[in-house]
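Protein chains: 4
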Amino acid sequence: MNSWKPATALIVGAGSGLSASIARCFAGAGMKITLAARNADKLKPLCEEIGAAALACDASDAGEVEALFASLDASANGAPEVVVYNPSYRVRGPLLELVPQEVARTLMVTAFGGFLVGQQAVRRMADKGRGAIVFTGASASVKGYARSAPFAMGKFALRGLAQSMAREFQPAGIHIAHVNIDGGIRNEARGSIDKPGRPDSFLDPDAIAQTYLHLVMQDRSAWTFELEVRPWLETF
Amino acid sequence: MNSWKPATALIVGAGSGLSASIARCFAGAGMKITLAARNADKLKPLCEEIGAAALACDASDAGEVEALFASLDASANGAPEVVVYNPSYRVRGPLLELVPQEVARTLMVTAFGGFLVGQQAVRRMADKGRGAIVFTGASASVKGYARSAPFAMGKFALRGLAQSMAREFQPAGIHIAHVNIDGGIRNEARGSIDKPGRPDSFLDPDAIAQTYLHLVMQDRSAWTFELEVRPWLETF
Amino acid sequence: MNSWKPATALIVGAGSGLSASIARCFAGAGMKITLAARNADKLKPLCEEIGAAALACDASDAGEVEALFASLDASANGAPEVVVYNPSYRVRGPLLELVPQEVARTLMVTAFGGFLVGQQAVRRMADKGRGAIVFTGASASVKGYARSAPFAMGKFALRGLAQSMAREFQPAGIHIAHVNIDGGIRNEARGSIDKPGRPDSFLDPDAIAQTYLHLVMQDRSAWTFELEVRPWLETF
Amino acid sequence: MNSWKPATALIVGAGSGLSASIARCFAGAGMKITLAARNADKLKPLCEEIGAAALACDASDAGEVEALFASLDASANGAPEVVVYNPSYRVRGPLLELVPQEVARTLMVTAFGGFLVGQQAVRRMADKGRGAIVFTGASASVKGYARSAPFAMGKFALRGLAQSMAREFQPAGIHIAHVNIDGGIRNEARGSIDKPGRPDSFLDPDAIAQTYLHLVMQDRSAWTFELEVRPWLETF
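Residue numbers (our numbering), protein chains in the order written: chain P, 1 to 236; chain F, 237 to 472; chain G, 473 to 708; chain X, 709 to 944.
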């Protein structure tokens, strides 16, 4: 087995939930972390906690994504060896009530941004012949639910992107993975907490992060492209 | 069994290939056909041949799609009982060479237009409690090929839309179907013709049209949401 | 398009439900029908109605399946151009209560019998370079439900067989199809009838039969390997 | 997160390849290992190396599987907290040349044995409300290749079993996982070794074992049911 230990990671779409857990987990494994979000100010506490840098970036804007990576190229960390694409946007409700502009925005943030970030990431990784990119999917990546067409469109598209990138870039040494988060993530602020008698019924973001870490550390002889994480009590 | 015979059909993304065969096949089954395309002029010969009307429409433009359906509402045919969404756009090549705007356009034409047309279509069908919408997919709907990420993104997204619409609207009597065209369609103009010793190795558009017709005529007790059509000699 | 019209069909696992509807539908399209079942006596009324022959055969017994086809070879109809494999057996309940022998029997009838019949069928079709074999699947073909492991095992296995046969024999001109019957079939004797306010909530076997007929008549340039049929009100 | 550390593991279908790597990896993580195989004698060197016990068992024989678990119940290790089902048998070649008995045997060893072992395993785990069972799949679990129908039947069936067991037993605290080994495993004895210029083109069994270990250690709030492992150079 190889013993590749990535040294740097960029987490796009960083906030307080899963992305923060991934950042802590990756930092704990020795990676230097850069966080990117539209609003970088909110990331200060996390940055201080784990010694990460934060950069502002709208992932659906080609120019901003290009600038983000250029900024990293010029930084002490250099281009990231691991990239996680996490952003999503969604509008739900009866299809007849959906506003077309919101549907377009869902596609842009959830899927097109993944292309923009993925393209910049592989541009740097291809020369080195190694790297890892993880795309965060959802139940909607593989099942189009009623009254949630835009999110299904965005997450299906992101999965199509991930598959295509895997087929193009894995033979170049870049590990591409897609994680289907098939359940609600524990989030006290949003009230997503376990009900009595149903412990661990929400995904613990720290537990998900362990699986992200396992993925990016896998030996290239045995890469996982796709897996799902799901609470033990989740119906599927 | 019911004996629903749809009287009218709208084919969006009409041109000279599959869409023309569908138009002829549906007309042969007694439906009055409206064809929509960005350039409606090119549709004149087909319109004359099968007694169809042609309307100009950019399917990725919300206003134009709304106008298209308003125009049909006011026409002798009225709102269509069957709608086929056929448009796609694609840009291929090494991911590192892709121009972001072209990727966005692929998403808009291939998937977002499907939402716009689907929304207008069900708005009319929901009141009557019946109708059928068929989305034209491709191999790329379920497999992201290397060097073809944009098309995979668009076609995966369209499939997610179709699934979501099926779950929301089939219980309202509207049949939603997704057809995976898994192979090349015979097209002399493009040189897509059988090689010696390999007869019928391209999909005959008239044969595909027969399957579209079967779908839209199915009894509501036994609807097919998804199927693929593939030449006998195609590797899969 | 070709205009292949199959002249003969063998329906294995014939009884009073779907198989009878398929037999009537195929007979109505001009095919001479042979029905096979473990108990051929019960098939007499149907045979008289549609002018079919009935033969006794346990589809999970290699010798009996071989004898069935030998008998057809020697008959006026000759080897069948179309074969439908319909039998299944299932045992349900909590996994801990399942009797191993019943699980083995489920595999044998539902899947192994499909191999036996499929092997004999293609042996005859391969020389002519044409033919069609349809395997009857179920929701359990693609989803393993709790407390129904044996049926999932059998129907998953049958689908694997169908895929493998499609890849081996479609280039030899033999159309292989797998139909996922995703819902309950209307059956008055079993009490599977629509509840008030939910018309057509069970699959009409005559409607399913129309789709089987469409499949076996498809042009070889545009074969469908797999589709599902599902009532409009079915949750999925 | 919980911090469940399983103490004991049973590996059924143990030999010199993947199963040996799993045994070493699990032993390295502190588990006491029992190995089961039809021929237990060949396991002696591995047993000595990692302090494991070996028991003889034909996994497709209900009585032998029952005896295996009874023997474990009475042993110092007790009933296993983790079980890996690894056996498979296959016969390949043109479908027309396959011997029915060999096809049946493929189903029995590859899938029915998984049921027998799974049933005995959950019988012990259900009371404790925890445990993990991993089923070893293959490319053939999700794709039926030409000239390999029996293996597809067996591996598809095993996957159906795994899904059904996951839906029934995960809410009881038992983690069920299915691993699709999508490539050839490095094996010098069989000549499965990398060609010049294609390093790591075979799956390193020790790398696969790391992923098995990750699976059985996952927190119950974020279980993975299914993943695949595939060499970076593998076409898919």
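Don't be surprised by glycine CBs; every beta carbon is placed ideally from N, CA and C. Bear in mind the structure is a predicted one, so any value in this text is a computation, not a measurement.
| Item | Value |
| --- | --- |
| Chain-ordered chain P contacts of Ala298 of chain F [CB-CB under 7 Å] | Pro100 |
| Pro517 of chain G, buried or exposed, once every other Cβ within 10 Å from all chains shown has been counted against 16 | exposed |
| Gly93 of chain P classed as buried or exposed, judged by whether at least 16 other C-beta atoms fall within 10 angstroms | exposed |
| CB contact flag (Leu394 of chain F, Phe371 of chain F, <8 Å) | yes |
| Stretch-stretch touch, CB-based, cutoff 8 Å, three pairs: the stretch 875-886 of chain X with the stretch 907-917 of chain X | no |
| Beta-bridge partners of Ile133 of chain P, as assigned by DSSP | P:Val83, P:Ile176 |
| Contact the stretch 731-739 of chain X vs the stretch 761-781 of chain X: 3+ CB pairs below 8 Å | no |
| As assigned by DSSP and simplified to three states, the class of Ile258 of chain F | helix |
| Opening and closing residue of the beta strand (DSSP E) in which Glu226 of chain P lies | 226-229 |
| Close-in-space but distant-in-sequence residues of the same chain around Gly367 of chain F (CB under 6 Å, 5 per side omitted) | Glu317, Met361, Ile410 |
| C-beta contact flag for Gln871 of chain X and Ala624 of chain G at 8 Å | yes |
| Reduced DSSP category for Lys280 of chain F - H, G, I as helix; E, B as strand; rest coil | helix |
| Among F:Leu332, F:Glu464, F:Leu279, the one whose alpha carbon lies nearest that of Gly251 of chain F | F:Leu279 |
| Burial state of Arg326 of chain F (16 or more Cβ within 10 Å) | buried |
| Nearest residue (CA-CA) to Asp418 of chain F, options F:Trp468, F:Asn238, F:Leu343 | F:Trp468 |
| Pair within 8 Å by beta-carbon distance, Gly535 of chain G and Ala509 of chain G | no |
| Nearest neighbour of Leu567 of chain G, chosen from G:Phe708, G:Gly616, G:Glu660 [CA to CA] | G:Gly616 |
| Partners in chain G for Ser400 of chain F, counting only beta-carbon separations shorter than 7 Å | Neighbours of Ser400 of chain F on chain G: none; closest Cβ ~12 Å, over 7 Å. |
| Straight-line Cα distance separating Ser384 of chain F from Leu815 of chain X | 39 Å |
| Own chain, CB closer than 8 Å to Gly489 of chain G, minus 5 neighbours either side, in chain order | Ile657, Asn659, Pro677 |
| Alpha-carbon spacing of Ile916 of chain X relative to Ala146 of chain P, whole angstroms | 38 Å |
| Cβ neighbour criterion (16 or more within 10 Å) applied to Ala897 of chain X | exposed |
| Contact residues within the stretch 809-843 of chain X, judged by C-beta distance below 9 Å to chain G | Gln809, Val811, Ala812, Leu815, Met816, Ala819, Phe820, Gly822, Phe823, Leu824, Gly826, Gln827, Val830, Arg831, Ala834 |
| C-alpha gap between Leu227 of chain P and Gly868 of chain X, whole angstroms | 17 Å |
| Alpha-carbon to alpha-carbon, Leu271 of chain F and Cys283 of chain F | 8 Å |
| Sequence ranges, beta strand (DSSP E) only - wholly within the stretch 796-846 of chain X, length at least 3 | 839-846 |
| Neighbourhood of Leu707 of chain X by C-beta, 7 Å cutoff - its chain only, sequence neighbours within 5 removed | Missing from the structure shown is residue 707 of chain X; chain X here goes from 709 to 944 and no further. |
| DSSP three-state assignment for Lys155 of chain P, whether helix, strand or coil | helix |
| Cutoff 6 Å; reference Ala166 of chain P; Cβ partners in own chain excluding five residues on either side | Ile176, Phe225 |
| Simplified DSSP assignment, three categories, for Thr235 of chain P | coil |
| Terminal residues of the beta strand (DSSP E) in which Ile185 of chain P lies | Looking at the DSSP string, Ile185 of chain P is not in any beta strand (DSSP E), and its letter there is neither H nor E. |
| Within chain X, the residues that Ser192 of chain P reaches when beta carbons sit closer than 9 Å | The contacting residues do not exist; Ser192 of chain P stays about 12 Å from chain X at best. |
| DSSP bridge partner residues for Trp695 of chain G (one or two, in chain order) | F:Arg466 |
| Residues that Phe910 of chain X contacts on chain P, provided the C-beta gap is smaller than 8 Å | Ser221 |
| Nearest-angstrom Cβ-Cβ length linking Leu544 of chain G and Leu482 of chain G, presumed shorter than 8 Å | 7 Å |
| Proximity below 8 Å, CB of Phe584 of chain G to CB of Val811 of chain X | yes |
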